[in-house]
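With the first letter of the sequence shown counted as 1, position 16 gets the number 13 in the working numbering; the numbers rise by one all the way through.
For each residue, glycine too, the CB sits at the ideal point set by N, CA and C.
Treat the numbers as computed from the prediction; the structure is a model and nothing was measured.
One structure below.
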Amino acid sequence: MDIDNILKLSLKELGISFSKAQVSLVKEYLNLVYKHNKKFNLIGTKDKEGILIRHILDSISILKYKKYLFYNTDNVEKVLDVGTGAGLPGVMLSIFLSDKLFYLLDKTLKKINFLNLLVKELKLENIRIIRGRAEELAKENLYRENFNIVLARAVASFNILSELIIPFCRINGKIIFYKSKKIFNELAVHREVISKLGGKVDNLLEVKVPYLDEYRAFLIIKKAKKSPDIYPRNFTKIKTQPL
Ligand code: SAH
């Protein structure tokens, strides 16, 4: 089946309404990632269909829960994607949630260069790009506890990632982890890490990603209270003494 069909059928299956313009943006994104994958060291998957299913559809699938996560009474304005890499899931979400402002954060210059190219080519107006290390930026007033939703996909192991991203979220905001079936073990072992950082497990939303035969779910954490000032610790500490 061709890319256009896979994409449209998948959006329908997930219950996501879409315009022609949104579908063309997704396809342009796919073409740019495919074209520049090597040069910018973007993602492991090399073929177009694989990139579409494993990365794009996987990122978009959260929109099945669009109303619950992005259009509830919380008045979501600012969303932060930590360790966005080639812009996943942030760029995909910015296309379908054009009234929200997306901040894409990454430490790697190559990824930042690609994101700049992408935003220009696709004329995405609701994206801001931030280069830096999450553990450093989370200490800055400008970013700390300043986002309604903070999300991350495939960035670091569970306890490390929790320390990196929970401090960015506003009180009463949500932190969202894109997860595989590893989440059950991680929750069993690391649940107390979340409360140490001021979070509280809120929900686990499962999803069937079209054409992908693997377990996927979103762990939703609510920011219940302020993250203690000592977190995130410096990079060496985080790595050598994970919470
Ligand atoms: N979220 C993307 C990329 C995953 S690869 C996707 O789903 O495809 C992980 C990315 O996180 C890399 O681009 C890496 O540069 C970035 N990263 C890892 N640790 C980071 C940190 N401490 N601060 C900022 N970015 C980080």
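### Query
Roughly how many whole angstroms lie between the Cα atoms of LEU60 and LEU90?
What you label residue 60 is simply residue 63 of the sequence shown in a count that begins at 1. What you label residue 90 is simply residue 93 of the sequence shown in a count that begins at 1. Using only the alpha carbons, I get a separation of about 8 Å.
### Query
Per DSSP, what kind of secondary structure is ASP55 in: helix, strand or coil?
Translated into positions along the sequence shown, residue 55 becomes position 58. Helix, per DSSP.
#### Entry: Closer than 7 Å: GLY196 CB and nearest the ligand SAH heavy atom
Mapped onto the sequence shown, residue 196 falls at position 199. For the ligand SAH, not one heavy atom lies less than 7 Å from the Cβ of GLY196.
### Task
Would you mind listing the alpha helix (DSSP H) stretches within the stretch 123 to 191 that are 4+ residues and don't spill past its ends, in chain order?
131 to 134 and 155 to 162
### Query
From SER7 to LYS63, what does the alpha carbon distance come to, in whole angstroms?
On the sequence shown, residue 7 is found 10 positions in, with the first residue counted as 1. On the sequence shown, residue 63 is found 66 positions in, with the first residue counted as 1. Going from the Cα of SER7 to the Cα of LYS63 covers about 15 Å.
#### Entry: Delimiting residues of the beta strand (DSSP E) encompassing VAL73
Along the sequence shown, one-based indexing puts residue 73 at 76. Where VAL73 is concerned, there is no enclosing beta strand (DSSP E), given that its DSSP letter is neither H nor E.
### Query
The beta strand (DSSP E) with TYR100 in it runs from where to where?
By 1-based counting over the sequence shown, the position of residue 100 is 103. Looking at the DSSP string, the run of the beta strand (DSSP E) that includes TYR100 is 98 to 103.
### Classification of THR237 by the beta-carbon crowding that lies within 10 angstroms, buried from 16 upward
Residue mapping note: residue 237 aligns to position 240 of the sequence shown, counting from 1. Exposed is the call here.
### Query
In whole angstroms, what is the alpha-carbon distance linking TYR208 and ILE50?
Here residue 208 corresponds to residue number 211 of the sequence shown, with the count starting at 1. Here residue 50 corresponds to residue number 53 of the sequence shown, with the count starting at 1. Each residue's CA atom was taken as its position, placing TYR208 and ILE50 some 7 Å apart.
### Query
Considering only residues of the same chain and omitting the five flanking positions on each side of ILE162, which have a CB-CB separation below 7 Å?
Indexing the sequence shown from 1 puts residue 162 at position 165. If we look at ILE162 and ignore the five residues flanking it on each side, its Cβ neighbours are VAL79, ALA131, VAL147, ALA149 and ILE172.
### Message
Using only the alpha-carbon positions, how far apart do HIS52 and PHE165 sit?
### Response
Locating residue 52 in the sequence shown gives position 55, where the first residue counts as 1. Locating residue 165 in the sequence shown gives position 168, where the first residue counts as 1. Whole-angstrom Cα-Cα distance: 24 Å.
### Query
Is ASP103 near the ligand SAH, with its Cβ less than 7 Å from a heavy atom?
Reading the sequence shown from its first residue, position 106 is the one you call residue 103. It does: the Cβ of ASP103 is within 7 Å (strictly closer) of some heavy atom of the ligand SAH.
### Task
Would you mind giving the Cβ-Cβ distance between VAL152 and LEU54, rounded to the nearest angstrom? I have them listed as a contact below 8 Å.
As a first step, residue 152 is located in the sequence shown; it is residue number 155 there, counting from the start. As a first step, residue 54 is located in the sequence shown; it is residue number 57 there, counting from the start. 19 Å between Cβ atoms; not a contact.
### Query
Is ILE127 closer than 8 Å to LEU102 when the C-beta atoms are compared?
Numbered from its first residue, the sequence shown carries residue 102 at position 105. Numbered from its first residue, the sequence shown carries residue 127 at position 130. For LEU102 and ILE127, yes; Cβs fall inside 8 Å.
### Task
Report yes if the C-beta distance between TYR228 and GLU160 is below 8 Å; otherwise report no.
For the purposes of this step, residue 228 is identified with residue 231 of the sequence shown, where counting begins at 1. For the purposes of this step, residue 160 is identified with residue 163 of the sequence shown, where counting begins at 1. Closer than 8 Å, so yes.
### Message
Would PHE215 and PHE181 be called neighbours here (beta carbons separated by less than 8 Å)?
### Response
Here the question's residue 215 lines up with position 218 in the sequence shown. Here the question's residue 181 lines up with position 184 in the sequence shown. No.
### Query
Which word fits PRO225, buried or exposed, when buried means at least 16 other C-beta atoms lie within 10 angstroms of its C-beta?
Locating residue 225 in the sequence shown gives position 228, counting from the first residue. Within 10 angstroms of the beta-carbon of PRO225 lie fewer than 16 other beta-carbons, which makes it exposed.
#### Entry: Identity of the residue in VAL190, PHE155 and ASN169 nearest LYS178 by Cα
Translated into the one-based positions of the sequence shown, residue 178 becomes position 181. Answer by Cα proximity: PHE155.
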